[in-house]
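K.L.:
Pasting in a structure now, in structure tokens, and then I'll have a few things to ask.
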Amino acid sequence: MRIYPVRSAMIFGVLCLAAAATRLCAAGTPTLSVDAAAGRYAISPDIYGIANYGLNAAFAKEIKLGSVRWGGDGTTRYNWMVDSSNSGFDWYFIGGNGETTPVPGASADLMVKTYAPADVLITIPIFPYLNKSSASSCSFPVSVYGAQQSVNPYVKVDGGECGNSLTTSGAQLADKNIFMNHIRNTTSLQQKWVEHLVSKFGTAADGGVKFYQLDNEPGGWANTHRDVMPIQPTYAKIVEYGQEYAAAVKTADPSALILGPSDYTLGGWIGTPAQQNGLFAGQYYLQQMAAYQQEHGKRLVDYFDEHYYPNVSSPAAQLASTRTLWDPTYNGGTWVEQYFFDGPMQLIPRFKTWISKYYPGTKLAISEYSIDSGKKSIVDAIAEMDVLGIFGREQLDFAAMWNVPAPTDPMAYAFRMFRNYDGAGGEFGNTSVSAVSSNQAELSIYAAQRTTDKAVTVLVINKTPEAIKSAIAFSKLSLPTSAEVYTYSAADLASIEHATSAPIKKSSLSYSFPGYSAVMFVIK
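Rendered as structure tokens:
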């Protein structure tokens with residue numbers, strides 16, 4: 006029977022509409038492939054990291070937490086001798102912990118013990134000032150500085166209210182006596198802290214604290230810590246602080262690994278190029294650390310580290326924003342892409358290019374990130390899975406998620422899918438292999454082989470709300486007749502479902518991927 010082109014198109018369209026619940030139209034279906042012999046390299050377990058604040062210890066053990074971070078704005082002024090800090094602008098410049106007899110370093114010590122054997126990252130303050138006492142304090146008491154735009158609604162110090170440093174008209178107040186609540190930071194003080202940690206837990210090489218981060222987001226100090234540093238230091242000064250304190254850390258533990266500059270998203274990477282040899286802040290930092298090594302014969306910074314918070318304004322933006330980590334064809338629409346990068350962010354490859362040019366041999370870290378919308382949704386979970394898959398495929402060396410999930414949150418299942426998908430210790434492989442999707446914006450695919458049992462694990466993420474039927478074509482792999490299947494979807498946000506196995510025929514596995522889902526195939 007002859008089919009005229011118009012009628013053929015109409016019939017094809019009707020069939021597509023009839024299959025609306027599951028996309029069957031070949032023209033729009035992403036193709037998937039896995040080549041087990043290509044793209045093979047080790048995946049760092051340290052990419053499976055989370056910040057320590059409120060992290061459930063049992064959950065950390067369940068997912069075999071790769072790394073745990075003691076960091077954030079609250080660590081910039083941490084004084085280990087009085088085991089307390091100052092919260093800065095984040096929380097009304099409240100300092101101290103209220104204890105009358107503080108135990109030096111107790112909070113950090115407890116964190117290291119609680120999350121063992123995860124690799125620990127401790128933030129070393131390089132900021133000029135530290136909290137003075139464990140006694141509660143605040144930088145802008147209303148009784149001294151007068152009415153302010155807002156006061157701490159929960160905490161009072163000596164019965165008085167603590168303000169946010171801005172007058173009712175919006176003017177910035179100045180701290181009249183910095184040393185009432187602060188002391189000067191010194192390299193000697195921080196070296197003694199590292200020596201304390203070594204005495205408690207051993208050197209980094211012997212299983213003690215492995216990583217030390219050179220403070221937190223120094224490019225934003227004049228904002229977060231405006232009470233004691235109202236004028237932002239140049240990046241040359243930040244580099245100088247970093248070199249001094251990194252040397253102290255390496256003196257106390259030569260096997261320790263150091264991260265820096267650990268600056269904030271977008272602006273922190275750029276700084277003021279006119280003050281930085283015409284370079285972006287991150288490039289300048291690498292250049293100057295390389296110059297130090299050339300002059301002194303000693304590497305101070307082992308990991309180039311920056312922070313990243315992508316766009317989570319909507320589910321679509323949240324799922325698309327993962328592409329800013331790698332995709333040379335995707336522009337996230339940020340001002341940095343428009344005015345400084347002249348195109349797509351492709352963050353991990355871009356940072357690796359900086360490293361290659363300015364300080365070869367340096368590893369790459371994103372020690373603080375979050376793609377969490379706060380809605381505890383399936384989109385949160387699959388977006389995080391996409392991020393973890395990208396981190397492994399793009400050979401990132403260290404990462405720590407900032408937003409700490411409760412064990413029952415969807416975000417927790419993102420980590421379970423990679424670290425314990427079956428509740429019996431089943432892990433995504435630790436040797437990445439080539440996995441390609443013709444449309445990573447709709448179906449993401451990641452694959453890796455386990456060294457323990459040689460099983461190949463393949464994770465497919467459907468980033469669209471509708472089901473998509475596709476097939477995975479395998480090559481360079483001895484295949485069984487079926488693969489185990491584990492699915493996380495909106496159908497049950499409280500578990501990873503172990504479905505019946507999926508048949509493998511003629512080196513291909515066909516499957517209908519539910520809308521907004523992640524499906525793990527285990528091929529043994």
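Everything in the sequence shown is counted per the working numbering, starting at 6 for the first residue and increasing by one.
Positions of the beta carbon are idealized from the N, C-alpha and C atoms, including for glycine.
Here the structure is a predicted model, which is why all the values come from computation and not from measurement.
1. Could you compute how far the alpha carbon of Ala123 sits from the alpha carbon of Lys215?
2. Rounded to the nearest angstrom, what separates Thr486 and Trp407 at their Cα positions?
3. Provide the residue span of the beta strand (DSSP E) that contains Asp268, from first to last.
4. Enumerate in chain order the residues of its own chain whose CB-to-CB distance from Ala26 is below 8 Å, with the five nearest sequence positions on each side excluded.
5. Within 10 angstroms of the Cβ of Pro223, are there 16 or more other Cβ atoms? Answer buried if so, exposed if not.
6. On the CB-based measure, 16 or more other CB atoms within 10 Å of its CB, does Ser443 come out buried or exposed?
7. Please go through the stretch 281-366 and give each complete alpha helix (DSSP H) segment of 4 or more residues, from N-terminal end onward.
8. Suppose only complete runs of 3+ residues qualify. What are the beta strand (DSSP E) ranges in the stretch 107-167, listed by chain order?
9. Using only the alpha-carbon positions, how far apart do Lys197 and Asn91 sit?
10. Compute the Euclidean distance between the alpha carbons of Asp163 and Tyr83, then round it to the nearest angstrom.
11. My parser needs the beta strand (DSSP E) runs of 3 or more residues fully inside the stretch 396-473; what are they?
12. For Thr119, which of Phe206, Ala62, Ala111 has the nearest alpha-carbon?
13. Using C-beta distances below 7 Å, list every residue in its chain close to Asn57, excluding the 5 sequence neighbours before and after it, in chain order.
14. Rounded to whole angstroms, what's the CA-CA distance from Val199 to Val527? Just pull it up for me.
15. From the DSSP output, which residues share a beta bridge with Tyr368?
16. Closest by CA to Ile353, which one among Ile383, Ile395, Gly337?
17. Tell me whether the stretch 293-310 and the stretch 261-272 touch, counting them as touching only if at least three CB pairs, one residue from each stretch, are closer than 8 Å.
18. Let me know the secondary structure DSSP gives Ala507 once reduced to three states.
19. So, helix, strand or coil for Thr98, using DSSP?
20. Given a cut-off of 8 Å on the beta-carbon distance, is the pair Ala179 and Pro235 in contact?
21. Between Thr358 and Met350, is the Cβ-Cβ spacing less than 8 Å?
22. I think Phe403 touches Ala370, with their Cβ atoms under 8 Å apart; what is that distance to the nearest whole Å?
23. If you measure between the beta carbons of Tyr453 and Thr436, is that distance less than 8 Å?
24. Where does Trp75 sit, in a helix, a strand or coil, going by DSSP?
25. For a quick check, are the C-beta atoms of Thr80 and Pro133 less than 8 Å apart?
26. Tell me which same chain residues have a C-beta within less than 8 Å of the C-beta of Arg189, skipping the five on either side of it?
27. DSSP three-state label for Leu202, please.
28. Would you kindly report the start and end of the unbroken alpha helix (DSSP H) that includes Thr229?
29. Would the beta-carbon of Gly212 fall within 8 Å of that of Leu202?
30. Using a Cβ-Cβ cut-off of 6 Å (strictly less than) and excluding sequence neighbours within five positions of Phe423, which residues of its own chain qualify?
31. State the start and end residues of the unbroken beta strand (DSSP E) segment that holds Ala523.
32. Using the beta-carbon count (16 or more within 10 Å), is Ala325 buried or exposed?
33. Opposite Gly207 in the DSSP bridges: which residues?
34. Do you know whose CA, among Ala251, Val147, Ser174, lies nearest Gly165's CA?
35. Specify the secondary structure class of Ile212 as computed by DSSP and reduced to three states.
36. Using the three-state DSSP reduction, which class does Ala32 fall into: helix, strand or coil?
P.N.:
Walking through what the data contain:
1. In the sequence shown, counting from the first residue as 1, residue 123 sits at position 118. In the sequence shown, counting from the first residue as 1, residue 215 sits at position 210. Rounded to the nearest angstrom, the two C-alpha atoms are 10 Å apart.
2. The residue labelled residue 486 in the question sits at position 481 within the sequence shown. The residue labelled residue 407 in the question sits at position 402 within the sequence shown. Each residue's Cα considered, the two are about 41 Å apart.
3. The residue you call residue 268 lines up with position 263 of the sequence shown. Where Asp268 is concerned, the enclosing beta strand (DSSP E) stretches over 262-268.
4. In the sequence shown, counting from the first residue as 1, residue 26 sits at position 21. Any reading at Ala26 must be qualified, since the residue scores a pLDDT of 46, below 50, and its modelled position is unreliable; no value is offered.
5. Counting from 1 along the sequence shown, the entry for residue 223 is found at position 218. Pro223 comes out buried.
6. Residue 443 sits at position 438 when you count from the first residue of the sequence shown. So Ser443 counts as exposed.
7. 286-301, 320-326, 340-344, 352-363
8. 124-129, 134-136, 156-162
9. The residue you call residue 197 lines up with position 192 of the sequence shown. The residue you call residue 91 lines up with position 86 of the sequence shown. About 21 Å.
10. The count along the sequence shown starts at 1 and reaches residue 163 at position 158. The count along the sequence shown starts at 1 and reaches residue 83 at position 78. If I take the Cα positions, the gap works out to 22 Å.
11. 403-406, 436-442, 448-454, 461-467
12. Reading the sequence shown from its first residue, position 114 is the one you call residue 119. The option with the nearest alpha carbon to Thr119 is Ala62.
13. What you label residue 57 is simply residue 52 of the sequence shown in a count that begins at 1. Counting only Cβ-Cβ distances below 7 Å, and skipping sequence neighbours, we find Val73, Arg74, Trp75, Met116, Tyr120.
14. Mapped onto the sequence shown, residue 199 falls at position 194. Mapped onto the sequence shown, residue 527 falls at position 522. Approximately 43 Å, taken between the alpha carbons.
15. Here residue 368 corresponds to residue number 363 of the sequence shown, with the count starting at 1. It should be noted that the sequence gives Lys, not Tyr, for residue 368. Looking at the DSSP assignment, Lys368 forms a beta bridge with Tyr308.
16. Against the sequence shown, residue 353 aligns to sequence position 348. When each option's Cα is compared against that of Ile353, the closest is Ile395.
17. yes
18. The residue you call residue 507 lines up with position 502 of the sequence shown. In this structure, Ala507 counts as strand in the three-state DSSP scheme.
19. Indexing the sequence shown from 1 puts residue 98 at position 93. Reading the sequence as shown, one finds Phe at residue 98 and not Thr. If DSSP states are grouped into helix, strand and coil, Phe98 belongs with coil.
20. Against the sequence shown, residue 179 aligns to sequence position 174. Against the sequence shown, residue 235 aligns to sequence position 230. Result yes, Cβ atoms of Ala179 and Pro235 sit closer than 8 Å.
21. Position 353 of the sequence shown, counted from the start, is the residue given in the question as residue 358. Position 345 of the sequence shown, counted from the start, is the residue given in the question as residue 350. No, they are not a contact pair.
22. For this step, residue 403 is matched to residue 398 along the sequence shown. For this step, residue 370 is matched to residue 365 along the sequence shown. Correct: roughly 4 Å between the Cβ atoms.
23. The residue labelled residue 453 in the question sits at position 448 within the sequence shown. The residue labelled residue 436 in the question sits at position 431 within the sequence shown. Looking at the sequence shown, residue 453 is not Tyr but Ala. Cβ distance < 8 Å, so Ala453 and Thr436 count as in contact.
24. One-based indexing of the sequence shown puts residue 75 at position 70. Looking at Trp75 - three-state DSSP - the assignment turns out to be strand.
25. The residue given as residue 80 occupies position 75 in the sequence shown. The residue given as residue 133 occupies position 128 in the sequence shown. No.
26. Here residue 189 refers to the residue found at position 184 when the sequence shown is read from its first residue. Excluding residues within five positions, the ones whose Cβ falls inside 8 Å are Pro133, Tyr134, Leu135.
27. Stepping through the sequence shown from its first residue, residue 202 is reached at position 197. The answer is helix: DSSP assigns Leu202 an H, G or I state.
28. Within the sequence shown, the letter at position 224 stands for residue 229. Per DSSP, Thr229 belongs to the alpha helix (DSSP H) from 226-229.
29. Numbered from 1 along the sequence shown, position 207 holds the residue referred to as residue 212. Numbered from 1 along the sequence shown, position 197 holds the residue referred to as residue 202. Not in contact: Gly212 and Leu202 (Cβ atoms no closer than 8 Å).
30. Walking along the sequence shown from the start, residue 423 turns up at place 418. Here the set comprises Leu393, Phe433.
31. By one-based count along the sequence shown, residue 523 stands at place 518. Residues 522-528.
32. Position 320 of the sequence shown, counted from the start, is the residue given in the question as residue 325. Ala325 should be labelled buried.
33. In the sequence shown, residue 207 corresponds to position 202, counting from 1. Gly207 is not bridged to any residue.
34. Numbered from 1 along the sequence shown, position 160 holds the residue referred to as residue 165. Nearest option by C-alpha distance: Val147.
35. Walking along the sequence shown from the start, residue 212 turns up at place 207. According to the sequence provided, residue 212 is Gly. The question's Ile does not apply to it. Residue state, collapsed to three classes: coil.
36. On the sequence shown, position 27 is the one that residue 32 refers to. Only weak support is given to the placement of Ala32: the predicted model assigns it a pLDDT of 49, under 50, and the value that follows is read from those uncertain coordinates. Looking at Ala32 - three-state DSSP - the assignment turns out to be helix.
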